[in-house]
Amino acid sequence: ELLGAKVLHFPMQHEKDWRYLGQVATMWLFDDMREEGQLLRGLRDGIHYRSDVFEAAAHVVAWLGMESYFSMQIRRNDLQYKHVFTTATKSLEAVQGLMRADEPIFLATDEVADGFFKVFEDRGHKTYRFPDFFTPKGGNALRGVAAAQDPKLVPLIEQVICACGRVFAGTEMSTFSGYITRLRGHIGVGNTHRYYHSRGPYPAGSKGEELPLSSRHYTTDFREMWAFEAERR
(Lines of atoms letter the chains of each structure in order from A and count residues from 1; the text may use other names and numbers.)
(Lines give C-alpha, C1' and ligand atoms only; values in the text may rest on other atoms or scores of the structure.)
Protein backbone atom coordinates (compact mmCIF):
# COMPACT_ATOMS: atom_id res chain seq x y z
CA GLU A 1 0.00 0.00 0.00
CA LEU A 2 2.77 2.44 0.91
CA LEU A 3 4.82 1.62 -2.19
CA GLY A 4 1.81 2.27 -4.41
CA ALA A 5 0.73 5.50 -2.77
CA LYS A 6 1.10 8.76 -4.67
CA VAL A 7 1.16 10.79 -1.46
CA LEU A 8 2.71 9.83 1.88
CA HIS A 9 1.49 11.78 4.90
CA PHE A 10 3.86 12.08 7.86
CA PRO A 11 1.79 13.38 10.78
CA MET A 12 3.33 15.57 13.46
CA GLN A 13 2.39 15.11 17.10
CA HIS A 14 4.81 16.41 19.69
CA GLU A 15 3.29 14.37 22.52
CA LYS A 16 4.23 11.15 20.68
CA ASP A 17 7.68 12.42 19.69
CA TRP A 18 6.59 12.76 16.06
CA ARG A 19 8.31 15.90 14.81
CA TYR A 20 10.64 17.02 12.04
CA LEU A 21 12.68 19.59 13.91
CA GLY A 22 15.70 17.57 14.87
CA GLN A 23 19.19 16.38 14.05
CA VAL A 24 19.78 14.34 10.93
CA ALA A 25 20.54 11.21 12.94
CA THR A 26 16.90 10.99 14.03
CA MET A 27 15.28 11.47 10.63
CA TRP A 28 15.62 8.18 8.71
CA LEU A 29 15.34 4.45 9.21
CA PHE A 30 16.84 1.92 6.81
CA ASP A 31 16.39 -1.83 6.57
CA ASP A 32 19.89 -2.00 5.06
CA MET A 33 22.51 -0.34 7.26
CA ARG A 34 24.82 0.02 4.25
CA GLU A 35 22.36 2.49 2.76
CA GLU A 36 22.31 4.47 5.98
CA GLY A 37 26.09 4.57 5.91
CA GLN A 38 26.01 5.87 2.34
CA LEU A 39 23.63 8.66 3.36
CA LEU A 40 25.67 9.72 6.38
CA ARG A 41 28.92 9.51 4.44
CA GLY A 42 27.37 11.69 1.76
CA LEU A 43 26.33 14.27 4.36
CA ARG A 44 29.80 14.28 5.86
CA ASP A 45 31.68 14.54 2.59
CA GLY A 46 29.25 16.69 0.61
CA ILE A 47 27.86 19.20 3.12
CA HIS A 48 30.61 20.94 5.04
CA TYR A 49 32.30 24.28 5.56
CA ARG A 50 34.48 25.91 2.90
CA SER A 51 38.12 24.92 2.78
CA ASP A 52 39.29 28.38 3.83
CA VAL A 53 37.41 27.96 7.13
CA PHE A 54 39.42 24.84 7.96
CA GLU A 55 42.64 26.38 6.67
CA ALA A 56 42.20 29.46 8.89
CA ALA A 57 41.41 27.30 11.94
CA ALA A 58 44.51 25.21 11.21
CA HIS A 59 46.74 28.20 11.90
CA VAL A 60 45.41 28.42 15.45
CA VAL A 61 45.29 24.65 16.02
CA ALA A 62 48.90 24.32 14.86
CA TRP A 63 49.96 27.04 17.29
CA LEU A 64 48.03 25.60 20.26
CA GLY A 65 48.67 21.96 19.33
CA MET A 66 46.09 19.45 18.15
CA GLU A 67 44.21 18.11 21.22
CA SER A 68 46.63 20.02 23.44
CA TYR A 69 44.11 22.49 24.85
CA PHE A 70 40.67 22.55 26.44
CA SER A 71 37.95 24.19 24.35
CA MET A 72 34.70 25.81 25.44
CA GLN A 73 31.76 27.58 23.85
CA ILE A 74 29.92 29.78 26.33
CA ARG A 75 26.91 31.53 24.89
CA ARG A 76 25.53 34.28 27.10
CA ASN A 77 23.60 36.75 24.96
CA ASP A 78 21.85 35.64 21.78
CA LEU A 79 20.11 32.57 23.21
CA GLN A 80 16.52 32.26 24.36
CA TYR A 81 17.26 29.55 26.93
CA LYS A 82 18.32 31.82 29.79
CA HIS A 83 18.53 28.97 32.30
CA VAL A 84 21.91 27.98 30.83
CA PHE A 85 23.49 31.34 31.69
CA THR A 86 25.82 31.15 34.67
CA THR A 87 28.84 32.86 36.17
CA ALA A 88 32.34 32.25 34.89
CA THR A 89 33.27 30.66 38.23
CA LYS A 90 30.43 28.13 37.99
CA SER A 91 31.28 27.40 34.37
CA LEU A 92 34.86 26.66 35.31
CA GLU A 93 33.95 24.57 38.34
CA ALA A 94 31.61 22.47 36.19
CA VAL A 95 34.48 21.28 33.97
CA GLN A 96 37.56 21.71 36.18
CA GLY A 97 37.70 17.99 36.85
CA LEU A 98 38.13 17.32 33.13
CA MET A 99 41.05 19.73 32.79
CA ARG A 100 44.75 19.07 33.14
CA ALA A 101 46.84 21.29 35.38
CA ASP A 102 47.65 24.59 33.65
CA GLU A 103 45.96 23.41 30.45
CA PRO A 104 45.28 26.33 28.08
CA ILE A 105 41.69 27.10 27.10
CA PHE A 106 40.30 28.24 23.79
CA LEU A 107 37.07 30.09 24.50
CA ALA A 108 34.39 30.93 21.94
CA THR A 109 31.85 33.27 23.49
CA ASP A 110 29.57 36.21 22.82
CA GLU A 111 30.21 37.67 26.28
CA VAL A 112 31.40 41.27 25.89
CA ALA A 113 32.19 42.28 29.48
CA ASP A 114 35.90 42.86 30.06
CA GLY A 115 37.36 40.55 32.68
CA PHE A 116 34.30 38.29 32.87
CA PHE A 117 36.44 35.16 32.43
CA LYS A 118 39.42 36.37 34.50
CA VAL A 119 38.81 33.53 36.94
CA PHE A 120 40.00 31.06 34.28
CA GLU A 121 43.46 32.61 34.21
CA ASP A 122 43.47 33.17 37.96
CA ARG A 123 43.24 29.40 38.36
CA GLY A 124 46.19 28.73 36.08
CA HIS A 125 44.57 28.28 32.67
CA LYS A 126 45.86 30.64 30.04
CA THR A 127 42.74 31.56 28.10
CA TYR A 128 42.61 32.48 24.43
CA ARG A 129 39.81 34.10 22.48
CA PHE A 130 39.69 34.62 18.73
CA PRO A 131 41.08 38.20 18.68
CA ASP A 132 44.16 37.06 20.64
CA PHE A 133 45.49 35.30 17.54
CA PHE A 134 46.04 38.63 15.82
CA THR A 135 48.37 39.63 18.68
CA PRO A 136 51.63 38.34 20.18
CA LYS A 137 49.61 36.58 22.91
CA GLY A 138 48.33 34.16 20.28
CA GLY A 139 51.52 34.08 18.23
CA ASN A 140 49.94 36.32 15.56
CA ALA A 141 48.65 33.03 14.17
CA LEU A 142 45.82 34.68 12.22
CA ARG A 143 47.57 37.82 11.06
CA GLY A 144 47.20 38.07 7.29
CA VAL A 145 44.65 35.22 7.07
CA ALA A 146 41.84 36.63 4.93
CA ALA A 147 39.05 34.28 6.07
CA ALA A 148 39.75 35.17 9.71
CA GLN A 149 38.86 38.79 8.96
CA ASP A 150 35.46 37.96 7.47
CA PRO A 151 32.85 38.39 10.26
CA LYS A 152 30.57 35.83 8.59
CA LEU A 153 33.28 33.18 8.76
CA VAL A 154 34.71 33.87 12.23
CA PRO A 155 32.07 31.79 14.12
CA LEU A 156 32.67 28.86 11.76
CA ILE A 157 36.42 29.07 12.29
CA GLU A 158 35.85 29.14 16.04
CA GLN A 159 33.77 25.96 15.76
CA VAL A 160 36.61 24.13 14.03
CA ILE A 161 39.13 25.34 16.61
CA CYS A 162 36.82 24.10 19.39
CA ALA A 163 36.46 20.78 17.59
CA CYS A 164 40.22 20.19 17.73
CA GLY A 165 40.57 20.59 21.50
CA ARG A 166 41.38 17.64 23.75
CA VAL A 167 38.01 18.04 25.51
CA PHE A 168 35.15 20.33 24.54
CA ALA A 169 32.50 21.77 26.85
CA GLY A 170 29.64 23.60 25.21
CA THR A 171 26.40 25.40 25.94
CA GLU A 172 23.29 23.35 26.55
CA MET A 173 20.51 24.00 23.98
CA SER A 174 22.97 25.63 21.56
CA THR A 175 23.09 24.20 18.04
CA PHE A 176 26.46 25.94 17.68
CA SER A 177 27.82 23.58 20.35
CA GLY A 178 25.88 20.68 18.87
CA TYR A 179 27.64 20.95 15.53
CA ILE A 180 31.04 21.19 17.22
CA THR A 181 30.31 17.78 18.73
CA ARG A 182 29.64 16.37 15.26
CA LEU A 183 32.80 17.97 13.89
CA ARG A 184 34.80 16.34 16.67
CA GLY A 185 33.42 12.97 15.64
CA HIS A 186 34.25 13.51 11.98
CA ILE A 187 37.75 14.78 12.79
CA GLY A 188 38.34 11.75 15.01
CA VAL A 189 39.45 13.29 18.30
CA GLY A 190 39.79 11.01 21.28
CA ASN A 191 36.95 12.43 23.40
CA THR A 192 33.58 13.01 21.75
CA HIS A 193 31.51 13.03 24.94
CA ARG A 194 28.99 15.79 25.58
CA TYR A 195 29.73 18.26 28.40
CA TYR A 196 27.92 21.50 29.30
CA HIS A 197 29.48 24.34 31.27
CA SER A 198 26.16 25.00 33.04
CA ARG A 199 25.90 21.45 34.35
CA GLY A 200 28.38 19.19 36.10
CA PRO A 201 30.59 19.21 37.97
CA TYR A 202 32.15 16.45 35.88
CA PRO A 203 34.86 14.32 37.51
CA ALA A 204 37.89 13.13 35.59
CA GLY A 205 36.92 10.37 33.18
CA SER A 206 33.26 11.39 33.08
CA LYS A 207 31.29 10.49 29.96
CA GLY A 208 29.21 13.62 30.37
CA GLU A 209 25.60 13.93 29.31
CA GLU A 210 24.41 10.66 27.77
CA LEU A 211 21.16 11.42 25.97
CA PRO A 212 18.99 8.87 24.15
CA LEU A 213 18.73 9.23 20.39
CA SER A 214 15.52 11.23 20.02
CA SER A 215 14.12 14.08 17.95
CA ARG A 216 13.28 15.80 21.24
CA HIS A 217 16.99 16.58 21.63
CA TYR A 218 17.07 18.69 18.50
CA THR A 219 19.82 21.08 19.58
CA THR A 220 22.52 18.49 20.11
CA ASP A 221 24.19 15.85 17.96
CA PHE A 222 24.65 12.12 18.28
CA ARG A 223 27.50 9.69 17.66
CA GLU A 224 25.38 7.92 15.03
CA MET A 225 26.42 10.77 12.72
CA TRP A 226 30.09 9.76 12.78
CA ALA A 227 30.27 6.20 14.12
CA PHE A 228 28.79 4.63 10.97
CA GLU A 229 32.18 3.80 9.44
CA ALA A 230 32.98 1.38 12.27
CA GLU A 231 29.48 0.20 13.17
CA ARG A 232 27.31 0.20 10.04
CA ARG A 233 29.16 -1.71 7.35
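239 is the number that my numbering gives the last residue of the sequence shown; the numbers go up by one with no jumps.
For every residue, glycine included, the Cβ atom is placed at its ideal position computed from N, Cα and C.
A quick note: this is a predicted structure, and the numbers were derived from the prediction, not measured.
DSSP state of residue i mapped onto helix, strand, coil
i       : result
Thr-187 : helix
Arg-82  : coil
Leu-175 : Note that residue 175 is Ala in the sequence shown, not Leu. In the structure shown, Ala-175 sits in a strand (DSSP, three-state: E or B).
Leu-113 : strand
Thr-133 : strand
Trp-69  : helix
Ser-97  : helix
Gly-214 : strand
Phe-126 : helix
Val-30  : helix
Gly-144 : helix
His-223 : coil
Gly-162 : A small fix is needed here, since residue 162 is Leu in this sequence, not Gly. The answer is helix: DSSP assigns Leu-162 an H, G or I state.
Met-231 : helix
Phe-182 : helix
Contact set for residue i: own chain, Cβ-Cβ below 7 Å, skip 5 residues either direction
i      : result
His-65 : Ala-147, Leu-148, Val-151
Glu-98 : Note on residue identity: the sequence assigns Leu, not Glu, to residue 98. Counting only Cβ-Cβ distances below 7 Å, and skipping sequence neighbours, we find Val-125, Phe-126, Arg-129.
Thr-95 : Val-125
Per DSSP, cross-strand counterpart(s) of residue i
i       : result
Ser-57  : The partner list for Ser-57 (beta bridge, DSSP) is empty, contrary to what the question assumes.
Tyr-202 : Gly-176
Gln-19  : Trp-24
Phe-76  : Ile-111, Val-173
Nearest-angstrom Cβ-Cβ length linking residue i and residue j, presumed shorter than 8 Å
i       : j       : result
Ala-62  : Ile-163 : 5 Å
His-203 : Met-78  : 6 Å
Pro-207 : Gly-48  : That pair is no contact at about 39 Å.
Tyr-134 : Gly-144 : 6 Å
Phe-174 : Ile-193 : Rounded, the Cβ-Cβ distance is 11 Å, inconsistent with contact.
6 Å CB neighbourhood of residue i in its chain, flanking five on each side removed
i       : result
Thr-226 : Gly-184
Same chain only: Cβ atoms within 8 Å of residue i, ignoring 5 sequence neighbours per side
i       : result
Arg-81  : Val-90, Thr-115, Asp-116, Thr-177, Ser-180, Phe-182, Ser-183
Pro-161 : Ala-114, Phe-182
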